[in-house]
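> I'd like to ask some things about the structure below.
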Amino acid sequence: MLLRHTPNDIQERSALAINPAKTCQPIGAMYAALGIHKCLPHSHGSQGCYAYHRSTLTRHYKEPVMAATSAFTEGASVFGGQANLLQAINNIFSVYEPEVIAVHTTCLSETIGDDIPQIIAKARDEGKIPPGRYVIHANTPSYVGTHVTGFANMVKGMVDYFAQANGHKESWVNIIPGYVEPCDMEEIKRIAGELGVPCILFPDTSGVLNAPQTGRFHMFPAGGVTTADLMRTGSAVGTVALGKLASGPAARALDTKCKVPCEILDLPIGLQATDLFIDTLRQIAGVTVPDSLNIERGRLLDVITDMHQYFFGRKVALAGDPDQLISLTQFLVDIDLWPIHIVTGTPGKKFEARIKEITKEVPHPVNVRAGGDMFLLHQWIRNAPVDLLMGNTYLKYIARDEDIPLVRWGFPILDRIGHSYFPTVGYRGGLRLLEKILDALMDRQDRDAPEEGFELVM
Amino acid sequence: METLNPEELTPPVPEINAEDVKKELLEKYPTKVARKRAKQIVINQVGPEGEVPEIQSNVRTVPGLIGQRGCTYAGCKGVVLGPTRDIVNITHGPIGCGFYSWLTRRNQTKPPGPEDHNFMMYCFSTDMQEEQIVFGGEKKLRQAVQEAYDLFKPKAIGIFATCPVGLIGDDVHAVAREMKEKLGDCNVFAFSCEGYKGVSQSAGHHIANNGIFTHVVGLNDTVQEGKFKINLLGEYNIGGDAFEIERLFEECGFTLISTFSGNSSYDYFANSHTADLNLIMCHRSINYVAEMMETKFGIPWIKINFIGAGATAKSLRKIAKFFDDRELLARVEEVIARELPAVEKVREEVKPRCQGKRAMLFVGGSRAHHYQELFREIGMETIAAGYEFAHRDDYEGRRVLPGIKVDADSRNIEEIHVEPDPQRYRPRLTEEGLARMQEAGIELKDYEGMMPEMCDGSLVIDDISQFETEKLIELYRPDIICAGIKEKYAIQKSGVPMKQLHSYDSGGPYAAFQGAINFYREIDRMVNSKVWKYLQAPWQKHPELAAKYVWE
Numbered sequence: 043m044l045l046r047h048t049p050n051d052i053q054e055r056s057a058l059a060i061n062p063a064k065t066c067q068p069i070g071a072m073y074a075a076l077g078i079h080k081c082l083p084h085s086h087g088s089q090g091c092y093a094y095h096r097s098t099l100t101r102h103y104k105e106p107v108m109a110a111t112s113a114f115t116e117g118a119s120v121f122g123g124q125a126n127l128l129q130a131i132n133n134i135f136s137v138y139e140p141e142v143i144a145v146h147t148t149c150l151s152e153t154i155g156d157d158i159p160q161i162i163a164k165a166r167d168e169g170k171i172p173p174g175r176y177v178i179h180a181n182t183p184s185y186v187g188t189h190v191t192g193f194a195n196m197v198k199g200m201v202d203y204f205a206q207a208n209g210h211k212e213s214w215v216n217i218i219p220g221y222v223e224p225c226d227m228e229e230i231k232r233i234a235g236e237l238g239v240p241c242i243l244f245p246d247t248s249g250v251l252n253a254p255q256t257g258r259f260h261m262f263p264a265g266g267v268t269t270a271d272l273m274r275t276g277s278a279v280g281t282v283a284l285g286k287l288a289s290g291p292a293a294r295a296l297d298t299k300c301k302v303p304c305e306i307l308d309l310p311i312g313l314q315a316t317d318l319f320i321d322t323l324r325q326i327a328g329v330t331v332p333d334s335l336n337i338e339r340g341r342l343l344d345v346i347t348d349m350h351q352y353f354f355g356r357k358v359a360l361a362g363d364p365d366q367l368i369s370l371t372q373f374l375v376d377i378d379l380w381p382i383h384i385v386t387g388t389p390g391k392k393f394e395a396r397i398k399e400i401t402k403e404v405p406h407p408v409n410v411r412a413g414g415d416m417f418l419l420h421q422w423i424r425n426a427p428v429d430l431l432m433g434n435t436y437l438k439y440i441a442r443d444e445d446i447p448l449v450r451w452g453f454p455i456l457d458r459i460g461h462s463y464f465p466t467v468g469y470r471g472g473l474r475l476l477e478k479i480l481d482a483l484m485d486r487q488d489r490d491a492p493e494e495g496f497e498l499v500m
Numbered sequence: 030m031e032t033l034n035p036e037e038l039t040p041p042v043p044e045i046n047a048e049d050v051k052k053e054l055l056e057k058y059p060t061k062v063a064r065k066r067a068k069q070i071v072i073n074q075v076g077p078e079g080e081v082p083e084i085q086s087n088v089r090t091v092p093g094l095i096g097q098r099g100c101t102y103a104g105c106k107g108v109v110l111g112p113t114r115d116i117v118n119i120t121h122g123p124i125g126c127g128f129y130s131w132l133t134r135r136n137q138t139k140p141p142g143p144e145d146h147n148f149m150m151y152c153f154s155t156d157m158q159e160e161q162i163v164f165g166g167e168k169k170l171r172q173a174v175q176e177a178y179d180l181f182k183p184k185a186i187g188i189f190a191t192c193p194v195g196l197i198g199d200d201v202h203a204v205a206r207e208m209k210e211k212l213g214d215c216n217v218f219a220f221s222c223e224g225y226k227g228v229s230q231s232a233g234h235h236i237a238n239n240g241i242f243t244h245v246v247g248l249n250d251t252v253q254e255g256k257f258k259i260n261l262l263g264e265y266n267i268g269g270d271a272f273e274i275e276r277l278f279e280e281c282g283f284t285l286i287s288t289f290s291g292n293s294s295y296d297y298f299a300n301s302h303t304a305d306l307n308l309i310m311c312h313r314s315i316n317y318v319a320e321m322m323e324t325k326f327g328i329p330w331i332k333i334n335f336i337g338a339g340a341t342a343k344s345l346r347k348i349a350k351f352f353d354d355r356e357l358l359a360r361v362e363e364v365i366a367r368e369l370p371a372v373e374k375v376r377e378e379v380k381p382r383c384q385g386k387r388a389m390l391f392v393g394g395s396r397a398h399h400y401q402e403l404f405r406e407i408g409m410e411t412i413a414a415g416y417e418f419a420h421r422d423d424y425e426g427r428r429v430l431p432g433i434k435v436d437a438d439s440r441n442i443e444e445i446h447v448e449p450d451p452q453r454y455r456p457r458l459t460e461e462g463l464a465r466m467q468e469a470g471i472e473l474k475d476y477e478g479m480m481p482e483m484c485d486g487s488l489v490i491d492d493i494s495q496f497e498t499e500k501l502i503e504l505y506r507p508d509i510i511c512a513g514i515k516e517k518y519a520i521q522k523s524g525v526p527m528k529q530l531h532s533y534d535s536g537g538p539y540a541a542f543q544g545a546i547n548f549y550r551e552i553d554r555m556v557n558s559k560v561w562k563y564l565q566a567p568w569q570k571h572p573e574l575a576a577k578y579v580w581e
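Chains as they are written, first to last, in this note's numbering: chain A, 43 to 500; chain B, 30 to 581.
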């Protein structure tokens, strides 16, 4: 057994986190910043931070993940990181020539209290920021919230620095896609396109973290939302923000700053959440939903009706981020799978209440914990076994020890590909999720069936 | 979408003047940066006595330049202590550091039985919150140690400080002492390995060495059976390297007391001072422990290298010669003779396909040196190499040690003062033994460094930047580059295959004889892959439409 020391007996811990279901703010900020075209994320901390974030994102995407660092030493930690950041800004613009440097802080620079706007102002005064180039920032202390918080803070930073109102409402809609994969962002744009709704989607990592192999490396790939578009977000007719935690703060900031009204929805994972997203977009833009989307919806429904017997009553354990888990849990309940253990590392009482509400019809006790960890999840599973696990790669250790099929879903996925190419949002994404769930469950059924019960047609 | 055409992919080998290359690498940098980098980019020139030009290394990275380095915590918790299975390693800090160093280095471990302690699959953290940053984190740390003890009853708990811990002034060592006393049967020790210390991972290695030596080495005086007792230092069992080396040792008749720290256990460290010889694989990360063990216990050390079939054979002979036992020497020759034919067979098969191809290695603190040997064995030349976090002695050899200036960043890393142990100091070599070593050509406590083994005119680049990597690809178009995960896909997107030498991608073992076979095959696969021929679609090769279909 790989997790041989995990006891069945659950003792509450107040200090020791074991096998976390979260990581720290800066990595989320780095990911979000990669969704701006020609932007170099910059980590204001010691070298380890950006090395770890780049490594983790690289392993997840199998793509170049470019970012810079202030490379704090002990001296900078005592005297402040201003000199390092000024030097970094100068070097980055001279050598790598991005259009935007997106600075995020770390526990180190937050603890010593570096004032980033002041340092950026100084860089501007000293002529270190060339004309037409930008340095933006977000405060992302690692000891507050999680990677989701960091993502949300950097997206809000985009609004704080770029959004401008031109005085009247234009026809486009802002869509903030949430902390989702590059292909999910692409899929959300496609759905808006099908509806005929002009949109500005930000951040947009499609074309950045799923770029093609051409034999030529581009430090700044073709994808990403442009600064021009980010400025135009202030004049949009409205904002649709997907995922309360990841996208809510930016949407509200746009409302406050530029009076762009917003709808904050669940991530469009699964049937109901996608329905709501499309219905909302339709009403904001005043358009009719085309048959192409009705057909996609119908196909998803068709698979649910065709395969319902394989879903019904199977028990699932989930680990992931709150925005994703809320939509996924709803989807699973909708198809009569029973999520009974749900853990996120991101704290928040509302999350627990929401999951309780979604799962109230599940005829089993449901464990949910915000600010929990995978050690606890494993203990729950030991005490009340499940038929399926869904979550990131770290769950593979539980999956192996307990012999439970695992559908890889969420962040990070370090040992498989696909998540950056095949979306899980929208109706098509729902189909992919169902395919993955069915493959896992039915492969297991085939593996475990007695010879006489091993069936050709399933 | 512009793609690379096949001619660009395999251009004729350019005759480039290294001086011109250096100029191009520096051209775009602001003056001050160029001046600094100029000292870290050196054109190799080996003198008759093996002397090489000075290279600046182990100095601060230039902010904003984008390099390969990580931090002190990574070097301490991740590299040196990470591979030990039965210590509960608690990261004291916000969740990120513990999370990122959780199972990501591919250190394999094999506990003797299903009940034996193995915590490597677990990540332990105090998950520091704002409250602890403001009011201090010692209370939470104390509680975390208690919870870890109550849950797992480990024989040892290690505490690793992250950046904010040092800044807010938590005394991790005081907590460790207090908890050790309170728990009674659990050794608790702490490492002040805050990420901002030093200039790279290297400081973390040093801190880890100090901690393990102070708190663990020498705790168990049991003398084990075995005639030829050795420790293997600086081997981390990436991809199963240690298993391969352990197998060889056993066949040769060496008794391995401990490995620092691939496939290791706390108990091995505690007993390591009973060995008679220390073997150093990665000089950079572990030479401190070897030096301290020599001073305190009288154990000599030699540099060995198990990367490359030739190097492996040479190293095994060196160890046998050290012990100077006829039977042992014969057995070692037997093992080499048994292992080599399989290696030769593959080498001969692979060499014609790899001969003349050119490699670049920018990695770590020893691998950029060791792996050149493997490439040489299949006829590939290393045209540029450099370390991520090594010091001058790793480049130029230990002969330069007396001349290395200690700067402020290094001075901050504690040098612990060690004295001969009053009871247990036992010099393993007599005067006569020392003379015999000299006669046999065995250099004790010596490492000649990477540069003396590299060609004249090759480039040696310390702490290479992203920009320099791109330039080198543009100018040389090497056939393969070895570096780490962060560099991997930028290099491959440029149409150049890239092999990770930190974690070996998904491969390994690459150590010893079987490892050499694996590596030859892996490099052959990579430099001769068909995939690069498909970069251009048919319509990109012939964009002009000469005619169009007429369906009849």
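All C-beta atoms in this analysis are idealised placements derived from N, C-alpha and C, irrespective of residue type, glycine included.
Going along the chain, which residues of its own chain have a beta-carbon closer than 7 Å to the beta-carbon of Arg-600 of chain B, five neighbours each way excluded?
Nothing can be reported for residue 600 of chain B: it is not among the residues displayed for chain B, which extend from 30 to 581.
> Would you mind working out which of A:Val-201, A:Glu-168, A:Arg-411, A:Thr-188 sits nearest Ile-178 of chain A, comparing C-alpha positions?
A:Val-201
> What does a CB cutoff of less than 6 Å around Tyr-203 of chain A pick up in its chain, not counting 5 residues either side in sequence?
Ile-178
> Any heavy atom of the ligand SAH closer than 7 Å to the CB of Pro-303 of chain A?
Ligands in the displayed structure: none, and consequently the ligand SAH is not present.
> Do the segment 226 to 238 of chain B and the segment 155 to 166 of chain B meet, that is, are 3 or more Cβ pairs less than 8 Å apart?
no
> Mind listing the chain A neighbours of Ile-162 of chain B? Cutoff is C-beta to C-beta under 7 Å, in chain order.
Per Cβ cutoff of 7 Å: Thr-153, Tyr-185.
> To be precise: take each residue of the segment 514 to 527 of chain B, compare its Cβ to all Cβ atoms of chain A, and keep it if any distance is under 8 Å. Which residues remain?
Ile-514, Lys-515, Lys-517, Tyr-518, Ala-519, Ile-520, Gln-521, Lys-522, Ser-523, Gly-524
> Drop a sphere of 10 angstroms on the beta-carbon of Cys-484 of chain B, count the other beta-carbons inside from all chains shown, and report buried for 16 or more, exposed for fewer.
exposed
> Measuring straight from C-alpha to C-alpha, what distance separates Phe-244 of chain A and Pro-538 of chain B?
44 Å
> Kindly indicate if chain A contains any beta-carbon less than 8 Å away from that of Phe-148 of chain B.
yes
> Please work out which residues of its chain come closer than 6 Å, Cβ to Cβ, to Asn-409 of chain A, disregarding the five sequence neighbours upstream and downstream, and give them in chain order.
His-383, Trp-422
> So, for Leu-374 of chain A: in the same chain, excluding its five sequence neighbours on each side, which residues have a beta-carbon less than 7 Å away from its beta-carbon?
Correct list, in chain order: Val-358, Pro-381.
> From Glu-444 of chain A to Phe-393 of chain A, what distance separates their C-alpha atoms?
27 Å
> Just verifying my parser: in three-state terms, what is the DSSP assignment at Ser-290 of chain B?
Strand, per DSSP.
> Just to confirm before moving on: does the CB-CB distance between Met-416 of chain A and Asn-61 of chain A stay below 8 Å?
Yes; because the gap between Cβ atoms is below 8 Å, this pair is in contact.
> For Gln-529 of chain B, does the count of other Cβ atoms within 10 angstroms reach 16, so buried, or fall short, so exposed?
buried
> DSSP on Trp-580 of chain B, reduced to helix/strand/coil?
coil
> For Cys-81 of chain A and Ala-75 of chain A, which I take to be in contact (beta-carbon distance under 8 Å), what is that distance rounded to the nearest angstrom?
5 Å
> Between Pro-507 of chain B and chain C, is there a C-beta pair that is closer than 8 Å?
No chain C is present in this structure, whose protein chains are A and B.
> Would you check if the distance between the CB atom of Met-322 of chain B and the CB atom of Glu-264 of chain B is smaller than 8 Å?
The answer is no: Cβ separation not under 8 Å.
> Using only the alpha-carbon positions, how far apart do Thr-303 of chain B and Cys-105 of chain B sit?
Roughly 24 Å between the two C-alpha positions.
> Considering only the beta carbon of each residue, do Lys-2 of chain B and Thr-100 of chain A sit closer than 8 Å?
In the structure as shown, chain B starts at 30 and stops at 581, and residue 2 of chain B therefore has no counterpart that could be examined.
> Since Pro-106 of chain A meets chain B, which of its residues come closer than 7 Å, beta carbon to beta carbon?
Those are Tyr-518, Ala-519, Lys-522, listed as they occur along chain B.
> Determine the extent of the beta strand (DSSP E) in which Gln-206 of chain A is found, giving its start and end residues.
Counting along the chain, Gln-206 of chain A falls outside any beta strand (DSSP E), and DSSP gives it neither H nor E.
> Checking the sheet assignment: what are the DSSP bridge partners for Arg-346 of chain B?
Answer by DSSP bridge pairing: none, since Arg-346 of chain B is not bridged.
> For the segment 211 to 231 of chain A against the segment 272 to 291 of chain A, are there 3 or more C-beta pairs whose distance is under 8 Å?
yes
> Along chain B, which residues have their Cβ under 8 Å away from the Cβ of Pro-49 of chain A?
Leu-180
> Could you work out which residue in B:Leu-55, B:Asp-156, B:Ala-173, B:Arg-98 is closest to Val-137 of chain A when comparing CA atoms only?
B:Leu-55
> Could you tell me which whole alpha helix (DSSP H) segments of length 4 or greater appear in the segment 333 to 415 of chain A?
If we require 4 residues or more, the alpha helix (DSSP H) runs fully inside the segment 333 to 415 of chain A come out as 333 to 353, 364 to 376, 391 to 400.
> Suppose the cutoff is 6 Å on Cβ atoms and the five residues either side in sequence are ignored; what does the same chain contact list for Met-198 of chain A look like?
Looking at the sequence provided, one finds Lys at residue 198 of chain A rather than Met. Cβ neighbours of Lys-198 of chain A beyond the five flanking positions: Pro-291, Ala-292, Ala-295.
> With a Cβ-Cβ cutoff of 8 Å, do Met-208 of chain B and Val-174 of chain B count as a contact?
yes
> So is Asn-34 of chain B buried or exposed if we call it buried at 16+ other beta carbons inside 10 Å?
exposed
> Does any C-beta atom of chain A lie closer than 8 Å to the C-beta of Asp-438 of chain B?
yes
> If distances are taken between C-alpha atoms only, which option among A:Pro-173, A:Ile-306, A:Gly-328, A:Gly-471 comes closest to Ser-289 of chain A?
A:Ile-306
> Roughly how many angstroms separate the alpha carbons of Ser-213 of chain A and Ala-278 of chain A, rounded to a whole number?
Cα to Cα, Ser-213 of chain A sits roughly 7 Å from Ala-278 of chain A.
> Taking the runs of the beta strand (DSSP E) that are 3 residues or longer, which of them lie wholly in the segment 528 to 553 of chain B?
none
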